[in-house]
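Novice: Residues are numbered in the working numbering as their position in the sequence shown, beginning at 1, plus a constant of 8. Idealized CB from N, CA, C, for every residue including glycine. Following this message is one structure expressed as structure tokens.
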Amino acid sequence: MSFRDIQTQDDVEVYQKRLTDNYPDRPEIMSHICHQIEQLQIEDPTVVELCIGPGQLAETLCNIIPRINYIGLDFIQPFLDFTAAKLLIDGKFVCANLTGAEWPNLLKNASQTGRIDAIVSMQSLHDVGDADQIASIYAQCQKLLGKEGLFINADLITQEGDEANARPGRLTVPHHLELLQAAGYASTGCSLRTAQFGVCFGRNR
Ligand SMILES: C[S@@+](CC[C@H](N)C(=O)[O-])C[C@H]1O[C@@H](n2cnc3c(N)ncnc32)[C@H](O)[C@@H]1O
9 MSFRDIQTQD DVEVYQKRLT DNYPDRPEIM SHICHQIEQL QIEDPTVVEL CIGPGQLAET
69 LCNIIPRINY IGLDFIQPFL DFTAAKLLID GKFVCANLTG AEWPNLLKNA SQTGRIDAIV
129 SMQSLHDVGD ADQIASIYAQ CQKLLGKEGL FINADLITQE GDEANARPGR LTVPHHLELL
189 QAAGYASTGC SLRTAQFGVC FGRNR
């Protein structure tokens, strides 16, 4: 089942199980993302998640960071409803397409604190589009984040040398880092790499 076929809450449960069963690295990736945000040492960070799907990262973030202001974005409403129902806190949810022009303003308006301290995404941007699309999202996020802001993209990667055979959004880690640097982040890096995932970050300081 593709996320495009999701219509009901039962569909979301089936989709969630498929992610859990097929991608054993996910728990490690989620803990790592939470740890990176904890290291910002902001008591009540405003954290945006792009492409939340069934909300497993949302749940982990909200359990580990009790005073988080969580804002989740996806373009499939049943994912947003499923996640909102299971979170122990009142998150904000934005239904928007990352290939459109409205999402940066919708996220800005959703921030109760007026700041966005971190923007994270897991296993998703390769589904949104090709390298140009990912570059555009990196640049928009750089502008949305504050002076200390942190952007993290934990995505499925292509091994170096295999890029010619890969699907358009499946980039190598060096390619992600090149796009993050071009987007204007002050520092960039890859903080974790597993067999399936690369976790790349850009920071505004
Ligand atoms: C493979 S799922 C991953 C979901 C979640 N991040 C996780 O790891 O459990 C990809 C997600 O990206 C979302 N998505 C794909 N293209 C999108 C777009 N253009 N705009 C917003 N969301 C999108 C899908 O709806 C889906 O929730």
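With contact counted as at least three CB pairs below 8 Å, one residue from each stretch, are the segment 190-200 and the segment 148-164 in contact?
Specialist: Result yes; three or more Cβ-Cβ pairs closer than 8 Å.
Novice: Is the Cβ-Cβ distance between C208 and H183 less than 7 Å?
Specialist: For this step, residue 208 is matched to residue 200 along the sequence shown. For this step, residue 183 is matched to residue 175 along the sequence shown. Going by C-beta atoms, C208 is not nearer than 7 Å to H183.
Novice: Is the beta carbon of I97 sitting closer than 7 Å to the one on C70?
Specialist: Indexing the sequence shown from 1 puts residue 97 at position 89. Indexing the sequence shown from 1 puts residue 70 at position 62. Going by C-beta atoms, I97 is nearer than 7 Å to C70.
Novice: How do the segment 34-51 and the segment 77-89 stand: do at least 3 beta-carbon pairs fall below 8 Å, yes or no?
Specialist: Contact between the segment 34-51 and the segment 77-89 is absent, because fewer than three Cβ pairs lie under 8 Å.
Novice: At what residue ranges does the segment 23-68 contain a whole run of the beta strand (DSSP E), taking only runs of 3 or more?
Specialist: Complete beta strand (DSSP E) runs here, min 3: 54-58.
Novice: Nearest-angstrom Cα distance between T196 and L188?
Specialist: For the purposes of this step, residue 196 is identified with residue 188 of the sequence shown, where counting begins at 1. For the purposes of this step, residue 188 is identified with residue 180 of the sequence shown, where counting begins at 1. In a straight line, the C-alpha of T196 is about 7 Å away from that of L188.
Novice: Have a look at the DSSP bridge pairing and note the partners of D163.
Specialist: Taking the sequence shown and counting its residues from 1, the one referred to as residue 163 is at position 155. Note: D163 sits in a beta bridge opposite G206.
Novice: Can you look up S144 in the DSSP assignment and give me helix, strand or coil?
Specialist: Here residue 144 refers to the residue found at position 136 when the sequence shown is read from its first residue. Helix, per DSSP.
Novice: How far does the alpha helix (DSSP H) with N113 in it extend, from its first residue to its last?
Specialist: In the sequence shown, the residue the question calls residue 113 occupies position 105. 111-118 is the span of the alpha helix (DSSP H), which, as asked, contains N113.
Novice: D82: which of A191, R211, I73, A92 sits nearest, CA to CA?
Specialist: The residue given as residue 82 occupies position 74 in the sequence shown. For D82, the nearest C-alpha among the options comes from A92.
Novice: With H, G and I counted as helix, E and B as strand and the rest as coil, what does DSSP make of N77?
Specialist: Taking the sequence shown and counting its residues from 1, the one referred to as residue 77 is at position 69. Correct three-state label for N77: strand.
Novice: Considering only DSSP beta bridges, list what D82 is partnered with.
Specialist: As a first step, residue 82 is located in the sequence shown; it is residue number 74 there, counting from the start. D82 is bridged to C103.
Novice: Can V136 be considered in contact with ligand 1, in the sense that its beta carbon sits closer than 6 Å to one or more heavy atoms?
Specialist: In the sequence shown, residue 136 corresponds to position 128, counting from 1. Yes, the Cβ of V136 comes within 6 Å of a heavy atom of ligand 1.
Novice: Could you check where the beta strand (DSSP E) with A126 kicks off and where it finishes?
Specialist: Working through the sequence shown from its first residue, we reach residue 126 at position 118. It spans 126-130 - the beta strand (DSSP E) in which A126 sits, taken as one unbroken run.
Novice: Is it buried or exposed, Q47, if we count other Cβ atoms within 10 angstroms and call 16 or more buried?
Specialist: Residue 47 sits at position 39 when you count from the first residue of the sequence shown. Its Cβ having fewer than 16 others within 10 Å, Q47 is exposed.
Novice: Using 6 Å as the cut-off, classify the Cβ of C59 as near or not near the heavy atoms of ligand 1, replying yes or no.
Specialist: The residue you call residue 59 lines up with position 51 of the sequence shown. Under cutoff, so the answer is yes.
Novice: Have a look at A143 and G137 and give me their C-alpha separation to the nearest angstrom.
Specialist: As a working note, residue 143 is residue 135 in the sequence shown. As a working note, residue 137 is residue 129 in the sequence shown. The alpha-carbon atoms of A143 and G137 are separated by roughly 10 Å.
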